[in-house]
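> For reference, the structure I am asking about is given below.
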Amino acid sequence: MKTHLESITEELSKIRGVRLIMLGGSRATGKMDNKSDIDLYVYTDEPIPLSLREEILAKHFDYLELANSFWEEEDDGVLTDGIELEIIYRKTSFIDEVYEASYVHPRANFGYSTCMIHNLQTSLIFYDDATSIQGLRMKYKGYPEALREAILRKNGLLISNRMPSLSFQLIKAIRRGDLVSIQHRTTEYLAMYFDVLFAANRRFHPGEKRLLEAMDTFESMPTNAKQDIGRLLKVNTMPVDEAVSLVDVISKEMNAFIAREVRDFVVCDYFKHKA
40 MKTHLESITE ELSKIRGVRL IMLGGSRATG KMDNKSDIDL YVYTDEPIPL
90 SLREEILAKH FDYLELANSF WEEEDDGVLT DGIELEIIYR KTSFIDEVYE
140 ASYVHPRANF GYSTCMIHNL QTSLIFYDDA TSIQGLRMKY KGYPEALREA
190 ILRKNGLLIS NRMPSLSFQL IKAIRRGDLV SIQHRTTEYL AMYFDVLFAA
240 NRRFHPGEKR LLEAMDTFES MPTNAKQDIG RLLKVNTMPV DEAVSLVDVI
290 SKEMNAFIAR EVRDFVVCDY FKHKA
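Under our numbering, think of the first position of the sequence shown as 40, with each following residue one higher.
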C-alpha cells in the first residue's frame, strides 16, 4: 500500500508542467526527529490551479491550509496519519537562478546566504521530468571560493566593522535595557555570525536548526566561538557591563577571524572612538 507521500507525489507528477518533485529538509538529510515535518518541493513551468491541488490533497489530510504565501507559495496540513506536510511550489526556472547566484555570479546575503543551494544539493529526487538538476549537481561541485569571500566580506562588515554594525546596535540596546531590541539585534547578529562560519568552513548553510551542533563539525572558528555564543544566547540575563564586554569580545574575535580568512579585510577604527 502506498504512503500518503508516495500517492501525492504520483498524482502531482501527472500534472502538465510539473518538472521536478523533491523531498527536502531533515528527512532528506537524515537529521529528522519525532517532531520533524515533511517538506515536499514541487517545481513547475506554470502554477498548478488551486482547485486541482485541493482535489489531489484533500483526501490525504485531516487538516489542510491551501495557498499560504508568507514566504513561498505552499500548501500546509496534517496528514491522516498525524504527520505534518508542507508542499512548496516553485518555478522550474528557480533552479538555474539559484545555481547562477551561487556559482556563476556569486551573491551574498546578510545571513543564510547559501540555504537555497543547500536545499537543491541535498534534496532527494522523487520525480524528474528531464530537468537539469542532476546535471547541475554534477557540474557545480565543491564550495565556490568567490561566494565564500563575498559572504565573509559582506557579513563581516555588518557584524562589527562599520558604525551601523549589529554589535554596536546590540551594545546600545543593552545599555538602554531595551529587552525587545536586545532580542532582535541578537537574532540578526547570530544569523550573520553563522553565515560567516558556514562559508569559512566551505559548507552550505542548512537553515536555522541545530546550529550549535554544527559548530562541533567546524575546523575553523573564532577563538572560544561556541562557548561565547552559548553565553550570548543568555545575554538578557547578564549585568550590563558583562553583556557589553561579551559582545565586544565576540565581535573583535570575529573581525580577527575574518582578517585571517580574507585578504585585505581591514578592521575599522570605530572601536577606538565609540563610547
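Cβ atoms here follow ideal geometry from the backbone N, Cα and C, with glycine treated the same way.
It should be emphasised that the depicted structure is a prediction, and the values quoted were computed from it without experimental measurement.
Pick out whichever of F243, R270 and D255 has its Cα sitting closest to the Cα of L229.
Nearest C-alpha to L229: R270.
> With a threshold of 8 Å, are at least 3 pairs of Cβ atoms found where one atom belongs to the segment 147-157 and the other to the segment 238-246?
In short, these stretches touch, since the Cβ pair count reaches three.
> Output the distance between the C-alpha atoms of F237 and I134, rounded to the nearest integer angstrom.
Spanning the two alpha carbons is a distance of roughly 22 Å.
> Please go through the same chain and pick out, in chain order, the residues whose beta-carbon is closer than 6 Å to the beta-carbon of Y82, but skip the five residues on each side of it.
Result list for Y82: R58, L59, R129 and T131, in chain order.
> Identify every residue that forms a DSSP beta bridge with Y80.
In DSSP, Y80 forms a bridge with M61 and I127.
> Identify the continuous beta strand (DSSP E) that holds N107 and give its terminal residues.
F100 to N107 is the span of the beta strand (DSSP E), which, as asked, contains N107.
> Can you tell me where the alpha helix (DSSP H) holding L272 begins and where it ends?
Taken as a continuous stretch (DSSP letters only), L272 belongs to no alpha helix (DSSP H), as it is neither H nor E.
> Use the C-beta contact count for Y102: other C-beta atoms within 10 angstroms, 16 or more gives buried, fewer gives exposed.
Classification for Y102: exposed.
> Does V235 pass the burial test, meaning 16 or more other C-beta atoms within 10 Å, or should it be called exposed?
Classification for V235: buried.
> At the level of alpha carbons, what is the spacing between D287 and V305?
Distance between the alpha carbons of D287 and V305: 17 Å.
> Starting from I190, trace the beta strand (DSSP E) both ways and give me its first and last residue.
Premise fails: I190 lies in the alpha helix (DSSP H), E184 to S199, not in any beta strand (DSSP E).
> Please name the residue in R187, V283, S90 and G56 whose C-alpha comes closest to that of Y166.
Selected option, being the one with the closest Cα: G56.
> Give the single residue among I289, P145, L175 and Q160 whose Cα lies nearest to the Cα of I210.
Residue I289 is the option with its Cα nearest to I210.
> Between the C-alpha atoms of L272 and E50, what's the straight-line distance to the nearest angstrom?
Spanning the two alpha carbons is a distance of roughly 45 Å.
> Between which two residues does the beta strand (DSSP E) containing D72 stretch?
Element bounds for D72: n/a, residue is neither H nor E.
> Looking at the structure shown, is Y151 part of a helix, part of a strand, or coil, going by DSSP?
Of the three classes helix, strand and coil, the one that applies to Y151 here is coil, per DSSP.
> Would D267 pass as a contact of L285 if the rule is Cβ separation under 8 Å?
Yes, the pair counts as a contact, with Cβ atoms nearer than the cut-off.
> My guess is that R161 and A67 are in contact by the Cβ rule of under 8 Å, so how many angstroms apart are they, rounded?
Looking at the sequence itself, residue 161 is Thr, so the reference to Arg does not match. About 6 Å separates the two Cβ atoms, so the contact holds.
> Residue range of the alpha helix (DSSP H) that V137 falls in?
First-last of the alpha helix (DSSP H) with V137: S132 to Y138.
> Among residues of its own chain, excluding the 5 on either side of V283, which ones have a beta-carbon nearer than 8 Å to its beta-carbon?
Contacts found: I210, I213 and R214.
> Distance, Cα to Cα, G181 vs K98?
Distance between the alpha carbons of G181 and K98: 42 Å.
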